[in-house]
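Undergrad: Next up is a structure, given as structure tokens.
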Amino acid sequence: MPSVFIKTYGCQMNERDSEAVAAQLVAKGYSLAKSEATADVVLLNTCSVRDFAEQKAMNKMKNLAGTARKSRPDQILGYLGCMAQSRGKELIEKLPDVDLVLGTQKFHRAAEYIDELLAGKRAKIVDIEAEAKSEAAIREHLLNGSAKTSVSAFVSIMQGCNQHCTFCIVPATRGEERSRTIPDIVAECRELVSRGVREITLLGQIVTSFGRKEKRDEWQVTRDAGGIVSPDTRHLSPFVQLLDAVHEIDGLERIRFTSPHPKGYGDDLVEAYARLPKLCESAHIPLQSGSDRILKLMHRGYTREKFLSLVEKLRRAKPGIGITTDIIVGFPGETEEDFELTLSLCREVQFDNAYIFKYSERRDTPAATMPDQLPQAVREERNERLLNLVNEIAARKYDAFIGRQVQILVEGPSKKNAARYTGRTRCNRIVLFDGSARHQGQLMDVKIERTGSFTLYGDPAVVNL
Ligand code: 5AD
Numbered sequence: 142m143p144s145v146f147i148k149t150y151g152c153q154m155n156e157r158d159s160e161a162v163a164a165q166l167v168a169k170g171y172s173l174a175k176s177e178a179t180a181d182v183v184l185l186n187t188c189s190v191r192d193f194a195e196q197k198a199m200n201k202m203k204n205l206a207g208t209a210r211k212s213r214p215d216q217i218l219g220y221l222g223c224m225a226q227s228r229g230k231e232l233i234e235k236l237p238d239v240d241l242v243l244g245t246q247k248f249h250r251a252a253e254y255i256d257e258l259l260a261g262k263r264a265k266i267v268d269i270e271a272e273a274k275s276e277a278a279i280r281e282h283l284l285n286g287s288a289k290t291s292v293s294a295f296v297s298i299m300q301g302c303n304q305h306c307t308f309c310i311v312p313a314t315r316g317e318e319r320s321r322t323i324p325d326i327v328a329e330c331r332e333l334v335s336r337g338v339r340e341i342t343l344l345g346q347i348v349t350s351f352g353r354k355e356k357r358d359e360w361q362v363t364r365d366a367g368g369i370v371s372p373d374t375r376h377l378s379p380f381v382q383l384l385d386a387v388h389e390i391d392g393l394e395r396i397r398f399t400s401p402h403p404k405g406y407g408d409d410l411v412e413a414y415a416r417l418p419k420l421c422e423s424a425h426i427p428l429q430s431g432s433d434r435i436l437k438l439m440h441r442g443y444t445r446e447k448f449l450s451l452v453e454k455l456r457r458a459k460p461g462i463g464i465t466t467d468i469i470v471g472f473p474g475e476t477e478e479d480f481e482l483t484l485s486l487c488r489e490v491q492f493d494n495a496y497i498f499k500y501s502e503r504r505d506t507p508a509a510t511m512p513d514q515l516p517q518a519v520r521e522e523r524n525e526r527l528l529n530l531v532n533e534i535a536a537r538k539y540d541a542f543i544g545r546q547v548q549i550l551v552e553g554p555s556k557k558n559a560a561r562y563t564g565r566t567r568c569n570r571i572v573l574f575d576g577s578a579r580h581q582g583q584l585m586d587v588k589i590e591r592t593g594s595f596t597l598y599g600d601p602a603v604v605n606l
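Following the numbering used here, the numbering of the sequence shown begins with 142 at its first residue and continues without gaps.
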């Protein structure tokens, strides 16, 4: 049977989509190639969030096409995901060596289309149509692939986003918000746990909006039919009801989710951290800017004060909670004063980590045509200043772990050094320790001895004799 190699760009949702496509192909008998050079089919699952991500995938495809033309003329080349969705057939017009362009609502058709291409039934396939219920079509998992995936799994709970932040291309690439039903999600999680998974991360572009758009009565029916949601939680937001339902699964040890929107972080969600022991004390809460004026231009729907009060509530509900964020620097019209408000907010909150993005104009987004687009040099300079600050804070926070005992879930051997094993703390920090196969999938306590850059080094012997 033919072999396939999938390279993934972008977020965890994209990782999850690639995994589902790989699982689909494996179920049909395809094998997973070790490298693109030996594969019969090479798929690039793309990201459109910034121009840089798109350029990377396009350059990669150009290189693949060049090699294929010389030495592997039968190799099938395809683009999947966000850039495929937003650029469509233009990608084949630009590079005719590309055979397949598959949008974000069509991942479940990948195997069928690849079969057709390999069999020579069709020369090119572009499918970026919307498809009803596609949000529930990403369900296959590849648990026997890498050791790591068998312990911890991602489950997609919704697709799309209706927030329409002015900088963001996601509404165009992922479409309107559509949520799966709670019984459907719980069934997938149960199956994963029965196959050995101990940690589940619930995924969506805006998970705090889970179920909001769906008709009330439709929800009522699906919930009652499944008997999955406890009547005691009916007054809570649909997302918290989902957390409660997943929390009931025996054998599941840890629950995480990403990404929430600060605006959707109601008190019921804050309280869930204190109430649900399996919900890990870590939250990735995208801030984007510390200036109210810029937040308004971004159409974020909250203020600096609201964000600060959310962080305070979370820390009160769950002391020690790890809080990470995303920040954009150089948004159109951002002044030095606006940027300093972002710096001061970071000093105040002391994020455990922050991902910083230089603003990148995205086609057909309102921000791309706003006045006062900033020169690249200003974006670079602010990026560097903010990076220095958040790294300094993060390093201090890492050092504070030295000497502490933490619980980790062991994922498997470290990629860089197979003698070392890697696990994650509940607040989502990576810990390396001298382990062996018997530790895999175990929850264990380790004592943190030292820190590296964004890593902790632990000693299990001290506490697990
Ligand atoms: N330019 C720069 N960064 C962006 N992000 C989203 N859109 C853009 C853009 N146009 C960042 C946001 C988001 C993260 C996933 O990517 O910070 O939270």
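For glycine and all other residues, C-beta sits at the position ideal for the given N, C-alpha and C.
Residue 396: buried (16+ other C-beta within 10 angstroms of its C-beta) or exposed?
TA: Position 255 of the sequence shown, counted from the first residue, corresponds to residue 396. With 16 or more other Cβ atoms within 10 Å, it is buried.
Undergrad: If contacts are defined as beta-carbon pairs under 8 Å, then residue 220 and residue 239 qualify, I think. What distance do you get, rounded to the angstrom?
TA: As a first step, residue 220 must be located in the sequence shown, where it is residue number 79. As a first step, residue 239 must be located in the sequence shown, where it is residue number 98. Yes, residue 220 and residue 239 are in contact; Cβ-Cβ is about 6 Å, under 8 Å.
Undergrad: Checking 8 Å against the spacing of the C-beta atoms, do residue 277 and residue 246 come in under that value?
TA: Looking up residue 277 in the sequence shown gives position 136. Looking up residue 246 in the sequence shown gives position 105. Cβ distance not < 8 Å, so residue 277 and residue 246 don't count as in contact.
Undergrad: Got a list of residues with beta-carbon closer than 6 Å to any non-hydrogen atom of the ligand 5AD, in chain order?
TA: Any residue whose Cβ sits closer than 6 Å to a heavy atom of the ligand 5AD makes the list: 190, 191, 308, 309, 427, 429, 467, 469, 498, 500, 501, 503.
Undergrad: Would you tell me roughly how many angstroms separate the C-alpha atoms of residue 147 and residue 232, rounded to the nearest one?
TA: Counting from one through the sequence shown, the residue named residue 147 turns up at place 6. Counting from one through the sequence shown, the residue named residue 232 turns up at place 91. Distance between the alpha carbons of residue 147 and residue 232 is about 18 Å.
Undergrad: Spell out the partners DSSP gives residue 585 in its beta bridges.
TA: As a working note, residue 585 is residue 444 in the sequence shown. Its beta-bridge partners are 549.
Undergrad: What would DSSP say about residue 560, mapped onto helix, strand or coil?
TA: As a first step, residue 560 must be located in the sequence shown, where it is residue number 419. Coil at residue 560, not helix or strand.
Undergrad: Are the region 461 to 478 and the region 560 to 577 touching by the rule of at least three beta carbon pairs closer than 8 Å?
TA: Segments in contact, yes.
Undergrad: Please name the residue, chosen from 352, 427, 471, 474, that lies closest to residue 298 on a Cα-to-Cα basis.
TA: In the sequence shown, counting from the first residue as 1, residue 298 sits at position 157. The residue with the shortest Cα to Cα distance from residue 298 is 352.
Undergrad: Residue 444 and residue 436 look like a contact to me (Cβ under 8 Å); what is the Cβ gap, rounded to whole Å?
TA: Here residue 444 corresponds to residue number 303 of the sequence shown, with the count starting at 1. Here residue 436 corresponds to residue number 295 of the sequence shown, with the count starting at 1. Rounded, the Cβ-Cβ distance is 6 Å, consistent with contact.
Undergrad: With DSSP as the reference, identify every bridge partner of residue 326, one or two as the case may be.
TA: What you label residue 326 is simply residue 185 of the sequence shown in a count that begins at 1. Bridge partners of residue 326: none, in fact.
Undergrad: Could you spell out where the beta strand (DSSP E) holding residue 371 opens and where it closes?
TA: Along the sequence shown, one-based indexing puts residue 371 at 230. Residue 371 -> no beta strand (DSSP E), and no H or E assigned at all.
Undergrad: What does DSSP give as the partner residue(s) for residue 592 in the beta ladder?
TA: Within the sequence shown, numbered from 1, the residue matching residue 592 stands at position 451. Looking at the DSSP assignment, residue 592 forms a beta bridge with 597.
Undergrad: Tell whether a beta-carbon distance below 8 Å holds between residue 306 and residue 425.
TA: Working through the sequence shown from its first residue, we reach residue 306 at position 165. Working through the sequence shown from its first residue, we reach residue 425 at position 284. No, the Cβ-Cβ distance between residue 306 and residue 425 is not below 8 Å.
Undergrad: Compute the beta-carbon to beta-carbon distance between residue 414 and residue 377, rounded to the nearest angstrom, for a pair I have assumed lies under 8 Å.
TA: Stepping through the sequence shown from its first residue, residue 414 is reached at position 273. Stepping through the sequence shown from its first residue, residue 377 is reached at position 236. The pair is not a contact, with the Cβ atoms about 13 Å apart (cut-off 8 Å).
Undergrad: Please tell me whether residue 429 and residue 468 are closer than 8 Å, where the distance is taken between their beta carbons.
TA: For the purposes of this step, residue 429 is taken as residue 288 along the sequence shown, with counting starting at 1. For the purposes of this step, residue 468 is taken as residue 327 along the sequence shown, with counting starting at 1. Yes, they are a contact pair.
Undergrad: Can you grab the Cα-Cα spacing for the pair residue 521 / residue 499, in whole Å?
TA: Looking up residue 521 in the sequence shown gives position 380. Looking up residue 499 in the sequence shown gives position 358. Those two C-alpha atoms are separated by around 7 Å.
Undergrad: Examine the Cβ distances between the region 551 to 559 and the region 403 to 423 and report whether three or more of them are shorter than 8 Å.
TA: Not touching, per the Cβ criterion.
Undergrad: Rounded to whole angstroms, what's the CA-CA distance from residue 288 to residue 326? Just pull it up for me.
TA: The residue labelled residue 288 in the question sits at position 147 within the sequence shown. The residue labelled residue 326 in the question sits at position 185 within the sequence shown. In this prediction, residue 288 has a pLDDT of 46, which is less than 50 and means its spatial position is unreliable; what the coordinates show is noted afterwards. C-alpha separation (whole angstroms): 23 Å.
Undergrad: Which same chain residues end up closer than 6 Å to residue 313 when comparing Cβ atoms and leaving out the 5 residues on each side of it in sequence?
TA: By 1-based counting over the sequence shown, the position of residue 313 is 172. These residues qualify, in order along the chain: 227.
Undergrad: Can you name, in chain order, every residue of its own chain whose Cβ lies under 6 Å from the Cβ of residue 385, other than the five neighbours on each side?
TA: Numbered from 1 along the sequence shown, position 244 holds the residue referred to as residue 385. Hits under 6 Å: 374.
Undergrad: Tell me whether residue 391 is buried or exposed, calling it buried when 16 or more other Cβ atoms sit within 10 Å of its Cβ.
TA: On the sequence shown, residue 391 is found 250 positions in, with the first residue counted as 1. Flag for residue 391 reads exposed.
Undergrad: Using 8 Å as the threshold, is the region 588 to 599 in touch with the region 532 to 546, meaning 3 or more CB pairs across them?
TA: The region 588 to 599 is in contact with the region 532 to 546.
Undergrad: Tell me the rounded alpha-carbon separation between residue 557 and residue 511.
TA: Translated into the one-based positions of the sequence shown, residue 557 becomes position 416. Translated into the one-based positions of the sequence shown, residue 511 becomes position 370. Taking the straight line from one Cα to the other gives about 44 Å.
Undergrad: Please determine, among 476, 503, 442, the residue with the shortest C-alpha to C-alpha distance to residue 513.
TA: As a position in the sequence shown, residue 513 is number 372, starting the count at 1. Residue 513 has its Cα closest to that of 476, out of 476, 503, 442.
Undergrad: Rounded to the nearest angstrom, how far is the Cβ of residue 495 from that of residue 470, given a contact under 8 Å?
TA: Start at 1 with the first residue of the sequence shown, and residue 495 comes out as number 354. Start at 1 with the first residue of the sequence shown, and residue 470 comes out as number 329. The pair is not a contact, with the Cβ atoms about 11 Å apart (cut-off 8 Å).
Undergrad: Return the first residue and the last residue of the alpha helix (DSSP H) that residue 339 is part of.
TA: Sequence index remark: in the sequence shown, residue 339 carries index 198 (1-based). No alpha helix (DSSP H) contains residue 339, which DSSP labels as neither H nor E.
Undergrad: For the candidate residues 427, 422, 421, 446, whose alpha-carbon lies nearest to that of residue 433?
TA: Position 292 of the sequence shown, counting from 1, holds the residue named residue 433. For residue 433, the nearest C-alpha among the options comes from 446.
Undergrad: Just to confirm my understanding: we take residue 515, look at its own chain, exclude 5 residues before and 5 after, and list those with CB closer than 6 Å. What are they?
TA: Locating residue 515 in the sequence shown gives position 374, where the first residue counts as 1. Around residue 515: 471.
Undergrad: Measuring only the C-alpha atoms, how far is residue 319 from residue 343?
TA: For the purposes of this step, residue 319 is identified with residue 178 of the sequence shown, where counting begins at 1. For the purposes of this step, residue 343 is identified with residue 202 of the sequence shown, where counting begins at 1. About 15 Å.
Undergrad: Quick one: Cα of residue 323 to Cα of residue 333, how far?
TA: Stepping through the sequence shown from its first residue, residue 323 is reached at position 182. Stepping through the sequence shown from its first residue, residue 333 is reached at position 192. Cα to Cα, residue 323 sits roughly 15 Å from residue 333.
Undergrad: Check the C-beta distance from residue 184 over to residue 202 and give it rounded, since I have them as a contact under 8 Å.
TA: One-based indexing of the sequence shown puts residue 184 at position 43. One-based indexing of the sequence shown puts residue 202 at position 61. Contact doesn't hold; Cβ gap of about 10 Å is too wide.
Undergrad: Nearest-angstrom Cα distance between residue 412 and residue 301?
TA: Position 271 of the sequence shown holds residue 412. Position 160 of the sequence shown holds residue 301. Their Cα atoms are separated by approximately 26 Å.
Undergrad: Nearest to residue 487 by alpha carbon, out of 473, 503, 528?
TA: Here residue 487 refers to the residue found at position 346 when the sequence shown is read from its first residue. Residue 487 has its Cα closest to that of 528, out of 473, 503, 528.
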